[in-house]
Amino acid sequence: ATTDSRTYFADSPESSHCAPLETLGLDGQAMADANACEVTTDACTPVAEDARCAAWAERRRVAEAAERFSPEQVDEARAELARIAAATAGSVCTMR
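Residue numbers (my numbering): 1 to 96.
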């Protein structure tokens, strides 16, 4: 879980993300056109097997859709499908 209570899946037990920060001008007013973030370490917990397999299946569905329907993303989608196949090879998660 992230510091702002979002949940996501990661491939490793340690993960981090860039948490958005509010940016202020010299006058103390918020700056709408400025961006800043702070890298934070997220608290990772193991995911139950059924949820893990469902997450891999969803990632596969998304990559397959990109491969079929988004010509500009074909190479990236194929790389993701290969990564998913390698990550789930020999696991209880059966990917068809």
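Here a beta-carbon is modelled for each residue, glycine too, at the ideal position from N, C-alpha and C.
Item: If I'm right that Glu22 touches Ala30 with Cβ under 8 Å, what's the distance once you round it to whole angstroms?; Value: 6 Å
Item: Applying the criterion that 16 or more other CB atoms from any shown protein chain within 10 Å of the CB defines a buried residue, is Ala79 buried or exposed?; Value: exposed
Item: Beta strand (DSSP E) containing Ala32: first to last residue?; Value: Premise fails: Ala32 is in no beta strand (DSSP E) and is neither H nor E.
Item: Where DSSP assigns a beta bridge to Ser15, which residues make up the other side?; Value: Asp42
Item: Using only the alpha-carbon positions, how far apart do Glu40 and Pro13 sit?; Value: First, the amino acid is wrong: residue 40 is Thr here, not Glu. The alpha-carbon atoms of Thr40 and Pro13 are separated by roughly 14 Å.
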